Amino acid sequence: MKDNYDIADAKWFVKDAPSFSFEVTDQRKTYDVYYNVRNNRTYPYYNLYVTHYLTDSVGKVIHQKLDELLLFDPTTGKQLGDGLGDVYDHKVLGFKNFKFPHTGKYKIQIRQYMRQDPIPDIISIGVSIESKKVQ
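Residue numbers 80 to 214, in the working numbering, belong to the letters of the sequence shown in order.
Next up, the structure:
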């Protein structure tokens, strides 16, 4: 599953916390969950702090974590990710080898956790959930 949310005017407010729904059909598999971030070259920080909230079908939070996503090299300032013009795409591992407790519907919500509100120049945020082979 891969889904992205476009952020209006590239200004991500704390109150704007997109959520993405998906279904797990095989609980024996492990999954890698990635953040998809698209930003402008003029993004003013080298990193982006986000918190994710993973909930099951009854709304119970089963996984929550604050993550630091590096968008620029902190030493050189070089843009990380794949770019075209002034826009860059990043696929950053959020959590690895995750086993969902049961089959069914899940939802992951992402909230920006920076000191500035809104943070400028974030064009979109999303998730990719990739299953691995059953072992």
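Built from N, CA and C at the ideal position, the CB exists for glycine as well.
No experiment lies behind these values; they were computed from the predicted model shown.
A Cβ-Cβ separation of about 5 Å places T130 in contact with R190 under the 8 Å criterion. In the structure shown, D95 adopts coil according to DSSP, grouped into three states. In this structure, the CA atom of L145 is about 30 Å from the CA atom of G164.
The beta carbon of D82 sits closer than 7 Å to the beta carbons of F99, G205 and V206 from its chain, once the five residues preceding and following it are set aside; these are given in chain order.
Assignment of D196 by DSSP, reduced to helix, strand and coil, places it in the coil class. For the pair L150 and N115, the Cα-to-Cα distance works out to about 11 Å.
The closest CA to that of Y124, considering only A96, P180 and Q158, is found on Q158. If you look at Y114, you'll find it in the beta strand (DSSP E) that goes Y110 to N119. Residue N118 holds the alpha-carbon nearest to the alpha-carbon of D161 among K94, N118 and K108.
Under the DSSP assignment, R190 falls in the beta strand (DSSP E) whose first and last residues are G183 to Q191.
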